[in-house]
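See structure below.
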């Protein structure tokens, strides 16, 4: 019998054996599957391998087998680029922290990414590797792979750290040295780069790449000849991009060796970065051409340098200026030197540029600031310059030549030297002339006085004396004018000054205005005896000579003078003919007077004196007893010239004729018409007075009394007081006691608002206020006269009232007054005044057609000066611009330029430049703007607008530097003109956008 315990033990042993057998079988099966999965993995069948690894992992009980499966599952996921790959690797590390494959997993994944050029991913896994756990033979590969990955991701510090560990490795050393060298090259450590590159230069695999880098390195190290040699060797075997860069290296190396001719062809072959050159690239080629004295080509490169603000740009702009000087383009040179002078990277270049800028400004003018300011600026910045004496000489002369007299006076005031005082005398004189030509007589006189206060040069003292006298004459200060003209004669006895030519004429006119007709005729005769060539002035002298004899009652001499004026027939022949006829009457030749007046009415149908002639002819008929003809002539006058001041006189004369012929009813009819239609006029007062006699004669006093009550200006009972009050005021006026006269005339009008002398009182008050400059006080009195019936005061009142409105720029009120003046005036100058201001007022109100119509009327006048002509031409031109008729504007502005002065000349030059730009005639357009800058820089608005045209011209001429520099200067220097600055900014933006396509240094608003 078997022991029970033994039996139990045997059973247990058998069971264990059976179980162990079963486990061994399962484990063997898992190993077989694992080996199959591993085989698939090694054959890069990652998806199948991964699936099998998953199956083994599920059934396996062995920890080691499971960890190996997890490792390979994660590796397969990495190689299959599955989204959960990183997580699977992380899970493997976390789940099997003691696995021997932990470090290997990091290396394997890093290597996989490395081999597939995903260096940023590789770096992520290499960073997890424990270097100390790596076998020695694994470390070199790890260091190189990790270092190269860092290099590829531009983590140069880590790259250098790992690559340096294998730079002596047999397998990885050459590659590591190459990349270390490249990193040194990129970091501008050219010595280190060269050292490493030299160590691998004998290896074929690097030779091609190294040739380019070593050429560049030698260039950067200053080994220019070596750089040229290496770059030329590389040229035949390089791609298009490298060829461009190698040409740049060769060209710049020759440039630095000062072999400019050799440099040029290579510099030209450089294609730029992404097809664009930089300012430095343009500078190198431009300077090379400059050193070859090929200035046109140097300009074409230098002027592409835009937005430059460094030493290279300053140097380029300086040499650009010199290049322009060599080809005689001084305006362009001025801008280039100005730009260089505004930079301080190289102080010697800055000073030389300043000097050139100052000298050229003196020579051709300066559109940005006055020439004296430029020269003074140079002397202030460089007080110890060796050119001090030369520049000071130019400075003194520039005050005159710049014609910017206003600015020059500011700079000269307070300067003590003799030369400066001489300049001050001249500049004050010229500023006075400038203001005189603009019609600003009061201010002109102050500058003539300033000039006379510095009597340094006799010529200018004499000329200032003359023009001060002319100014006094225009201000009706005839006594002062006479003194001035006499002083001028003493200062300038010779005929060298042009003012001497007509001094007799000026004196004659001044005496004439003083009513000193004896002296006036003497000087007119002297002028006539010496001046036969100036037909217009000679004609005028004969007219005034005739007038002088006429008012002196020497009528035969007057007739002789008027006959001479008629022979010349340049101006006012109708006036001479009329005066001759009147003079014949005064010497008793009534029939001659009548026949000449009849001829006058026939021969001068458009004369403003025709109504005068009709009135005089009617009177002459009365005088010789031909009353029927007289009545007919008066009727003709009243019909054809209803607005004439002679109509009330004519009606009064008709009434008197009827009265003298005892035709009382007709007489009363005429007298009542005068009294009713022309209330308050002297004719109306006389008509009432004569009508009174008729009513008394006819015994119809009550009828007279009833009629006279309807006339509010007749106060019969106060007539004596009215006359006495008026005469007292008039006496003060005649004695030039202005303030007393004003007080008494106002007193008269307060007491007799509709008095007998109301018209005269309003007229004298208006004139007195106007002369004192109290034009607002004068205005209502002139308006009273204008609104009253036609009188001898109407024309003057229309002229003065319109002048007041014009000065206040009250165009709307001015126009109807000017229209009346035009139609009613007897004096030619008043007609011209009316028409010239009607054109201006209509232009201001944008009535351009009417403005042009009046301008053409003005130009049709026979006796107008150039200032009025240029006003008319300017109005025509401006209106044509506004109406879009540029062809008409162009012709008009060309004519303005020939005759205008001051601001109008500046405007004409601007527009002429504008039209030439539109025609594509850019050089001629610039010539006009240069003249504008030199001669009319005072008028800054047109200077600024002209500069924009100049910028457009230069850009059209392929000079981008000039164009952009000028526009930037306009923006900086003319901020007071918003419209000009806006236009300049717009043009600058367009040009920079276009230029940025070829120049990488240009910054546009959109950026690069």
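Numbering (this note's numbering), first residue to last: 12 to 1019.
Think of the CB as a built atom: it goes at the ideal place given N, C-alpha and C, for glycine as much as any other residue.
In this text, all values refer to a predicted model and were calculated from it rather than measured experimentally.
In whole angstroms, what is the alpha-carbon distance linking residue i and residue j?
i, j, result
"residue 459", "residue 483", "11 angstroms"
"residue 296", "residue 235", "17 angstroms"
"residue 716", "residue 686", "14 angstroms"
"residue 403", "residue 386", "8 angstroms"
"residue 1009", "residue 934", "25 angstroms"
"residue 1007", "residue 975", "12 angstroms"
"residue 359", "residue 947", "33 angstroms"
"residue 520", "residue 585", "21 angstroms"
"residue 1013", "residue 448", "48 angstroms"
"residue 1021", "residue 568", "The question about residue 1021 has no answer here: the residues shown for the chain are numbered 12 through 1019."
"residue 944", "residue 497", "39 angstroms"
"residue 145", "residue 198", "32 angstroms"
"residue 344", "residue 332", "4 angstroms"
"residue 34", "residue 71", "Any reading at residue 34 must be qualified, since the residue scores a pLDDT of 49, below 50, and its modelled position is unreliable; the value itself is stated next. Taking the straight line from one Cα to the other gives about 11 angstroms."
"residue 133", "residue 102", "18 angstroms"
"residue 303", "residue 451", "57 angstroms"
"residue 999", "residue 511", "53 angstroms"
"residue 917", "residue 937", "14 angstroms"
"residue 559", "residue 906", "38 angstroms"
"residue 166", "residue 149", "23 angstroms"
"residue 900", "residue 977", "27 angstroms"
"residue 1004", "residue 997", "11 angstroms"
"residue 381", "residue 391", "15 angstroms"
"residue 661", "residue 648", "8 angstroms"
"residue 915", "residue 573", "38 angstroms"
"residue 962", "residue 859", "31 angstroms"
"residue 32", "residue 42", "The predicted position of residue 32 is uncertain, since its pLDDT is 46 and thus under 50; a value taken from the coordinates is nonetheless stated next. Answer to the nearest angstrom: the Cα atoms are 15 angstroms apart."
"residue 455", "residue 308", "51 angstroms"
"residue 487", "residue 415", "29 angstroms"
"residue 397", "residue 361", "15 angstroms"
"residue 338", "residue 367", "15 angstroms"
"residue 625", "residue 592", "12 angstroms"
"residue 413", "residue 832", "41 angstroms"
Answer yes or no: do residue i and residue j have a C-beta to C-beta separation smaller than 9 angstroms?
i, j, result
"residue 230", "residue 260", "yes"
"residue 940", "residue 966", "no"
"residue 514", "residue 535", "no"
"residue 556", "residue 539", "yes"
"residue 551", "residue 588", "no"
"residue 700", "residue 803", "no"
"residue 620", "residue 837", "yes"
"residue 779", "residue 794", "no"
"residue 418", "residue 439", "no"
"residue 799", "residue 691", "yes"
"residue 86", "residue 123", "yes"
"residue 507", "residue 477", "no"
"residue 863", "residue 842", "no"
"residue 265", "residue 271", "yes"
"residue 991", "residue 942", "no"
"residue 462", "residue 443", "yes"
"residue 737", "residue 771", "yes"
Please name the residue or residues paired with residue i in a DSSP beta bridge.
i, result
"residue 984", "According to DSSP, which records beta bridges pairwise, residue 984 is partnered with nothing at all."
"residue 1010", "288"
So residue i and residue j are supposed to be a Cβ contact under 8 angstroms. How far apart are they, rounded?
i, j, result
"residue 314", "residue 883", "Actually they do not touch by this definition, with Cβ atoms about 43 angstroms apart."
"residue 137", "residue 157", "4 angstroms"
"residue 752", "residue 760", "Incorrect: roughly 13 angstroms between the Cβ atoms, too far for contact."
"residue 576", "residue 553", "4 angstroms"
"residue 120", "residue 100", "6 angstroms"
"residue 816", "residue 797", "Actually they are not in contact, since the Cβ atoms of residue 816 and residue 797 sit about 11 angstroms apart, beyond 8 angstroms."
"residue 299", "residue 275", "5 angstroms"
Report the residue ranges of all alpha helix (DSSP H) runs contained in full by the region 276-305; include only those spanning at least 4 residues, in chain order. 290-302
My parser needs the alpha helix (DSSP H) runs of 4 or more residues fully inside the region 508-558; what are they? 514-524 and 528-541
As an exercise, report each continuous beta strand (DSSP E) stretch of at least 3 residues that is fully enclosed by the region 568-646, in chain order. none
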